[in-house]
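So in this note's numbering, spot 172 of the sequence shown is number 263, and the numbers just go up one at a time.
What follows is a single structure, written as structure tokens, with notes after it.
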Amino acid sequence: MRRVNPTDLARRAARTRWFAALGRATSRLDRRLQRATDGRWTVLGRAHLPQLVLTTTGRRSGEPREVVLLHAVDGGSWVVLASNWGQAHHPAWALNLLADPHAQVTVRGATTPVVARVAGPDEVDRLLPRMRAIWPGYEAYAQRAGRELYLFVLDPVSDGTAAPARPGTADSADRSDETDDQPGV
Numbered sequence: 092m093r094r095v096n097p098t099d100l101a102r103r104a105a106r107t108r109w110f111a112a113l114g115r116a117t118s119r120l121d122r123r124l125q126r127a128t129d130g131r132w133t134v135l136g137r138a139h140l141p142q143l144v145l146t147t148t149g150r151r152s153g154e155p156r157e158v159v160l161l162h163a164v165d166g167g168s169w170v171v172l173a174s175n176w177g178q179a180h181h182p183a184w185a186l187n188l189l190a191d192p193h194a195q196v197t198v199r200g201a202t203t204p205v206v207a208r209v210a211g212p213d214e215v216d217r218l219l220p221r222m223r224a225i226w227p228g229y230e231a232y233a234q235r236a237g238r239e240l241y242l243f244v245l246d247p248v249s250d251g252t253a254a255p256a257r258p259g260t261a262d263s264a265d266r267s268d269e270t271d272d273q274p275g276v
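And the structure:
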């Protein structure tokens, strides 16, 4: 009998509205679980998808805000997509990055300071297919959202300047700009 991988099932269900609602509902638990296990475990079990914890600064409170996001690696940078599970509004973490692009990325327990920027059109053409290969639901989320999904490039920094380091190995603004209870898938 073939063993079923929960991550494979999640990737297949990713396009559905019910799965997006489930993802939003379990995001706090997922964030805590990943923090406690240095990213080795998620609500789906052993981590099989490339995930990071992004820490932004709340644009109104100035307090640190964390969110678990799927990511791709592009050279020495991480790439994340602000899909908000296909909701019509941008996720709080994306608006926080637009207000203050300085953030931190934690992958497998290692934390790196980064500066975020919105990807340019050529980068989007090149990087969006990578993100969709990681999480097929992104295509459905874009259609459902009816808005541009920001694609962010998170460039590592060291002593305030861009560094050539390789990244790791591997909400609604209207409701609240401060809490990111929704993972960035």
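Cβ atoms here follow ideal geometry from the backbone N, Cα and C, with glycine treated the same way.
If you're wondering where the values come from, they're calculated on a predicted model, not measured in any experiment.
- Boundaries of the beta strand (DSSP E) harbouring Pro204: 201 to 209, taken from the DSSP string.
- Cβ-Cβ separation between Ala207 and Ala190: approximately 11 Å, too far for a contact (criterion under 8 Å).
- A contact is defined here as three or more CB-CB pairs under 8 Å, and the stretch 225 to 236 fails this definition with respect to the stretch 208 to 215.
- Per DSSP, Leu143 is not a residue of any alpha helix (DSSP H); the beta strand (DSSP E) it occupies stretches across 142 to 148.
- Here the alpha carbon of Leu245 sits roughly 21 Å from the alpha carbon of Pro227.
- Between Val205 and Val198, the C-beta spacing is not below 8 Å.
- Pro141 and Leu161 have their C-alpha atoms some 6 Å from each other.
- Taken atom to atom, the span from the alpha-carbon of Thr146 to that of Glu154 is near 10 Å.
- Taking C-beta atoms as the reference points, Val144 and Val164 fail to come closer than 8 Å.
- The beta carbon of Glu230 is closer than 6 Å to those of Arg223 in its chain, skipping five residues each way along the sequence.
- In this structure, Arg238 lies near Ala179, with their beta-carbon atoms less than 8 Å apart.
- In the same chain as Thr203, and ignoring 5 residues on each side of it, the C-beta atoms closer than 6 Å to its own belong to Val196, Pro247, in chain order.
- Pro182 sits in coil when the DSSP states are folded into three classes, being neither helix nor strand.
- Looking at the DSSP output, His193 bridges to Val206.
- Between Ala173 and Leu219 the beta-carbon gap is near 12 Å, outside 8 Å, which marks them as no contact.
- Taken atom to atom, the span from the alpha-carbon of Glu157 to that of Pro182 is near 12 Å.
- Separation of Gly166 and Leu188 (C-alpha to C-alpha, rounded to the nearest whole angstrom) is 21 Å.
- Partner residues in a beta bridge of Trp176, as assigned by DSSP, do not exist.
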